[in-house]
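Peer 1: Counted the way my numbering counts, the sequence shown spans residues 1331 to 1548.
All C-beta atoms in this analysis are idealised placements derived from N, C-alpha and C, irrespective of residue type, glycine included.
Everything numeric in this text was worked out from a predicted model, so none of it was measured.
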Amino acid sequence: METKNKTNIKNVILNIIGVVLCVILLPILIINCTLIVKGAINEDEVPALGGYAPLIVLSESMEPDIEAGDLIIVKIIDGEDVEEDMVISFYDPESNNSSITTHKVEEKIVDPETGAISFKTKGINNNLEDRLEVPAENVIGVYVTNIPGMGHVAMFMQSTPGLIVCVVLPLAAFITYDVIRKKKNDKAKQSDMDKLKAELEALKAAQNASKENEETEE
């Protein structure tokens, strides 16, 4: 009885570990794989999930609100919906749209003749406004929140060692856990079957002995 209780406790612990692995690792695995695939398919677009995109901050231009190494979450919106004082992420015209910048909108400008919209932007830690205006079509989205220091983690996840740690190892952990769980369950079932067979054989032997005794008495 005591051995069975210990086995049950071990099974409960394994199940708890499995749930924890699923809760912690599975979302990371799914998000990471999805972003990698989307980034590979659409190299010219920022990978997004559910209308939100994670971006890594590399500069100190928005400190102290947003620091270098932070991971920010940006809500994808149309450039025409941007208003003054919003913090937006955009393809930087100063880099020929080859890099992404996150700065505050100082002024929204509408061309009276063409209706084209552009923005004057500035990093809150910078003394001067950005040199070039940002066209509305360059806007990626509006800043929602930041996760301090997670940008470094995200960059690591995009590296080869990161893929191993965040994709290969979690998969290996899930597979290993599943194999161990199945083996333990199969072993427990086999043990129960062996006990049941032994009890049936003992019962059959007892019935045969009783029958032989009855025949002897006659």
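Let's test the definition: count the other Cβ atoms within 10 Å of the Cβ of I1396 and tell me whether it reaches 16, buried, or not, exposed.
Peer 2: buried
Peer 1: Helix, strand or coil: how does DSSP classify G1492 here?
Peer 2: helix
Peer 1: Among T1432, D1408, D1422, which has the Cα closest to the Cα of I1392?
Peer 2: With the sequence shown as reference, residue 1392 is identified as Met, and Ile is not the correct amino acid for it. If we check each option's Cα against that of M1392, T1432 comes out closest.
Peer 1: Helix, strand or coil, according to DSSP, for P1423 in the structure here?
Peer 2: helix
Peer 1: Quick check on the burial criterion: 16 or more other C-beta atoms within 10 angstroms. Buried or exposed for G1380?
Peer 2: exposed
Peer 1: Taking buried to mean at least 16 other C-beta atoms within 10 Å of its own C-beta, is A1502 buried or exposed?
Peer 2: exposed
Peer 1: What does the alpha-carbon distance come out to for the pair A1398 and H1482?
Peer 2: 9 Å
Peer 1: Any idea what DSSP makes of E1410, helix, strand or coil?
Peer 2: helix
Peer 1: Can you look up S1448 in the DSSP assignment and give me helix, strand or coil?
Peer 2: strand
Peer 1: Within 10 Å of its beta-carbon, does S1419 have 16 or more other beta-carbons around it, so buried, or fewer, so exposed?
Peer 2: buried
Peer 1: Taking Cβ to Cβ, would you say L1385 is nearer than 8 Å to I1454?
Peer 2: no
Peer 1: Among residues of its own chain, excluding the 5 on either side of T1506, which ones have a beta-carbon nearer than 7 Å to its beta-carbon?
Peer 2: Result list for T1506: empty, nothing under 7 Å.
Peer 1: Which residue's Cα is closest to the Cα of D1400: Y1473, D1508, V1509, A1532?
Peer 2: Y1473
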